[in-house]
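A.B. asks:
Residue numbers (the UniProt record's numbering): 1 to 609.
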């Protein structure tokens, strides 16, 4: 028997009440919140269930071991060790103690919870610190009433309550005052004011709670800012555009009030919130502040909000920064969010899957701004077409598209185009923005695109007509076959390039009409992209954006005197823009995850930007 089990011979252990276990094909599955494991082995469930039943009945580890056959003692050791490692066991007093099962209070439940999370010594210190805190509570309505009640139940001794009388309330001040008498205790002090709090009130408080059925935006923004300046924890729970939302602790490096108001306005909720829903919101606010004081899950939920639906569902959603000029600095550190997916262990994720998961906060169905398109008018053969819809509160809905020979390729392209739109909306509307998922690729593409949209490029760069049949690589040949299937006439490819500067533009003409243009850091990259866009052009003709690819990079007008006779002549040409230097500018005002490279290349001609 292991040393770990021997050390617990006299212990009385019990499975925590919130631990779920059940039978699976692989053995017995245990789950408690974010913790889970599988005790592997066929036919173990009846044995494990019986052992846990004996523990629930009050038998000690020693008593249970004494009745187990030798062949099951190893299993028992493994079970206890696994449950212990996952923090799924309670240590209970022995039968000789004064402990009586079933005797409990709200205070004892809170104590057990804190000990479960922090350990006995740390829990005692943290709860003492919490109960001696001075809380400033501002707001009105059912949300404030339930929050106040929860604070009193948690043992808080000092509360400054500022009752908002500026809007009608379902709850009267007298109902809130009636909660005080039953909770009177030594050192207990509650003051209720019918005025707005001042900066001095914020200074006197240890923590600030802004909880209300109606959001007083100017007041709450001012108080939140004052709390942040004084490094006081601040929790806001109120109704934003019809949505009951509890925000994370607001401090200098978190998202909060402005983001909640901005994104809630994207999809305003019309259904009325019941008193029950608002009461739940107030309880969540008190819980968040308690977690903040006890330092439980602070980092995991720093950028997430809790929503309470009209149907009393509680859900957690990521809150991303505001998308708007002047709202954010050029570089915002990547934000962290709780994992929403259980990733597969048996295969490596494709690059598209990795970034789609990392960008999931922006695809959140409640507070996100990106949506996967589902347009039946788009033909999905022969190339994959991946539409993404961009919805921002103060702008018209935009659509971007990615094409590819497989779903991953088209999806990755669509993601990069969608993020470019978000960067443009963040204060860079006139820059040739490029987003890529590799630093070297981003730099090459940004330089090529900056040159392609500069008028000097089309007037100074040599160009030629490229013979389509001279393209011998497999991808170009495949794209040509697909294009010729849709267009029976001549396919003309115009290639413009400055080989010394790794900048090329390929333009496709069908029947004398320009169909698509594309830039690239190599001639083959530009040609393949232009061919793919031309194929995609035919697959989106029934949508509302038949000219999507034409508009993405309008056709360039070249100088007739710059024509050369062959690809070899163009690649060997040493033409370049005079006194040109390129400065690469990385921007990330949206807090995109690591591995997403966004920005633009700025051209300096003659030393002048």
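Ideal placement from N, C-alpha and C gives every residue a C-beta, glycine not left out. Model, not experiment: these values are computed from the prediction.
Helix, strand or coil: how does DSSP classify residue 6 here?
C.D. replies: Counted from its first residue, the chain shown places residue 6 at position 6. The predicted model places residue 6 with a pLDDT of 46, which falls under 50 and marks its position as unreliable; any figure quoted below should be read in that light. Three-state result, residue 6: helix.
A.B. asks: Run through DSSP, which three-state label would residue 38 get?
C.D. replies: If you number the chain shown from 1, residue 38 lands on position 38. Correct three-state label for residue 38: strand.
A.B. asks: Identify every residue that forms a DSSP beta bridge with residue 316.
C.D. replies: As a working note, residue 316 is residue 316 in the chain shown. Partner(s): 306.
A.B. asks: Reducing DSSP to helix, strand and coil, say where residue 524 ends up.
C.D. replies: Position 524 of the chain shown holds residue 524. Of the three classes helix, strand and coil, the one that applies to residue 524 here is helix, per DSSP.
A.B. asks: How about the segment 560 to 574 and the segment 477 to 484: do they share at least three Cβ pairs that are nearer than 8 Å?
C.D. replies: Contact between the segment 560 to 574 and the segment 477 to 484 is absent, because fewer than three Cβ pairs lie under 8 Å.
A.B. asks: Could you tell me which of 16, 14, 41, 15 sits nearest to residue 27, measuring between CA atoms?
C.D. replies: Position 27 of the chain shown, counted from the start, is the residue given in the question as residue 27. Of the listed residues, the one whose Cα sits closest to residue 27 is 41.
A.B. asks: At the level of alpha carbons, what is the spacing between residue 610 and residue 315?
C.D. replies: Coverage of the chain is limited to positions 1 through 609, which leaves residue 610 absent and any answer about it impossible.
A.B. asks: Just to confirm the assignment, what range does the alpha helix (DSSP H) spanning residue 355 have?
C.D. replies: The residue given as residue 355 occupies position 355 in the chain shown. 351 to 358 is the span of the alpha helix (DSSP H), which, as asked, contains residue 355.
A.B. asks: Where does residue 386 fall in DSSP's three states?
C.D. replies: Taking the first residue of the chain shown as position 1, residue 386 is located at position 386. Correct three-state label for residue 386: strand.
A.B. asks: Between residue 455 and chain D, is the shortest Cβ-Cβ distance under 9 Å, so that the two count as touching?
C.D. replies: Judged by its chain identifiers, the structure shown contains no chain D, having just a single protein chain.
A.B. asks: From residue 69 to residue 107, what does the alpha carbon distance come to, in whole angstroms?
C.D. replies: Mapped onto the chain shown, residue 69 falls at position 69. Mapped onto the chain shown, residue 107 falls at position 107. Cα-Cα distance, rounded: 42 Å.
A.B. asks: Taking the beta strand (DSSP E) that residue 19 belongs to, which residues open and close that run?
C.D. replies: Along the chain shown, one-based indexing puts residue 19 at 19. From DSSP, residue 19 is part of no beta strand (DSSP E); its letter is neither H nor E.
A.B. asks: Which residues in the same chain have their Cβ closer than 8 Å to the Cβ of residue 201, if we skip the five residues on either side of it in sequence?
C.D. replies: Here residue 201 refers to the residue found at position 201 of the chain shown. Closer than 8 Å at the Cβ level, and outside the excluded window around residue 201, lie 136, 160, 162.
A.B. asks: Cutting at 6 Å between CB atoms, please list the residues of its own chain near residue 268, excluding the five before and the five after it.
C.D. replies: Residue numbering aside, residue 268 sits at position 268 when the chain shown is read from its first letter. So the list reads 241, 242, once near-sequence residues are dropped.
A.B. asks: What are the boundary residues of the beta strand (DSSP E) that includes residue 78?
C.D. replies: Taking the chain shown and counting its residues from 1, the one referred to as residue 78 is at position 78. From DSSP, residue 78 is part of no beta strand (DSSP E) but of the alpha helix (DSSP H) over 70 to 85.
A.B. asks: Along the beta strand (DSSP E) that carries residue 136, what are the first and last residues, could you check?
C.D. replies: Within the chain shown, the letter at position 136 stands for residue 136. Counting along the chain, the beta strand (DSSP E) containing residue 136 begins and ends at 134 to 140.
A.B. asks: Should the segment 392 to 408 be called in touch with the segment 525 to 543, which here means at least 3 C-beta pairs below 8 Å?
C.D. replies: Verdict: yes, contact present.
A.B. asks: According to the neighbour-count rule (16 or more other Cβ atoms, all chains shown, within 10 Å of its Cβ), is residue 609 buried or exposed?
C.D. replies: Within the chain shown, numbered from 1, the residue matching residue 609 stands at position 609. Because the pLDDT of residue 609 is 37, which lies under 50, any placement of that residue in the model is unreliable, and the number read from its coordinates should be weighed accordingly. With fewer than 16 other Cβ atoms within 10 Å, it is exposed.
A.B. asks: Among 260, 385, 272, which one has its Cα closest to the Cα of residue 377?
C.D. replies: Taking the chain shown and counting its residues from 1, one reaches residue 377 at position 377. It is 385 whose Cα lies nearest to the Cα of residue 377.
A.B. asks: Just how far apart, CA to CA, sit residue 288 and residue 221?
C.D. replies: Walking along the chain shown from the start, residue 288 turns up at place 288. Walking along the chain shown from the start, residue 221 turns up at place 221. In a straight line, the C-alpha of residue 288 is about 19 Å away from that of residue 221.
A.B. asks: Can you list, in chain order, the residues of its chain whose CB lies under 7 Å from that of residue 396, leaving out five sequence neighbours each side?
C.D. replies: Walking along the chain shown from the start, residue 396 turns up at place 396. Closer than 7 Å at Cβ, skipping near neighbours: no residue.
A.B. asks: If you draw a straight line from the alpha carbon of residue 457 to that of residue 451, how long is it in whole angstroms?
C.D. replies: Counting from one through the chain shown, the residue named residue 457 turns up at place 457. Counting from one through the chain shown, the residue named residue 451 turns up at place 451. Each residue's alpha carbon lies about 6 Å from the other.
A.B. asks: DSSP on residue 301, reduced to helix/strand/coil?
C.D. replies: Mapped onto the chain shown, residue 301 falls at position 301. Correct three-state label for residue 301: coil.
A.B. asks: Extract the residue ranges of the alpha helix (DSSP H) inside the segment 516 to 602, only unbroken runs of 4 or more that lie entirely within it.
C.D. replies: The segment 516 to 602 contains these whole alpha helix (DSSP H) runs: 523 to 539, 548 to 552, 567 to 572.
A.B. asks: Out of 420, 394, 393, point me to the one whose CA is closest to residue 401's CA.
C.D. replies: Residue 401 sits at position 401 when you count from the first residue of the chain shown. The residue with the shortest Cα to Cα distance from residue 401 is 420.
A.B. asks: Tell me, please, which residues DSSP counts as bridged to residue 243.
C.D. replies: Within the chain shown, numbered from 1, the residue matching residue 243 stands at position 243. Note: residue 243 sits in a beta bridge opposite 240.
A.B. asks: In whole angstroms, what separates the C-alpha of residue 592 from that of residue 87?
C.D. replies: The sequence position of residue 592 within the chain shown is 592, counting from 1. The sequence position of residue 87 within the chain shown is 87, counting from 1. Their backbone Cα atoms lie some 34 Å apart in a straight line.
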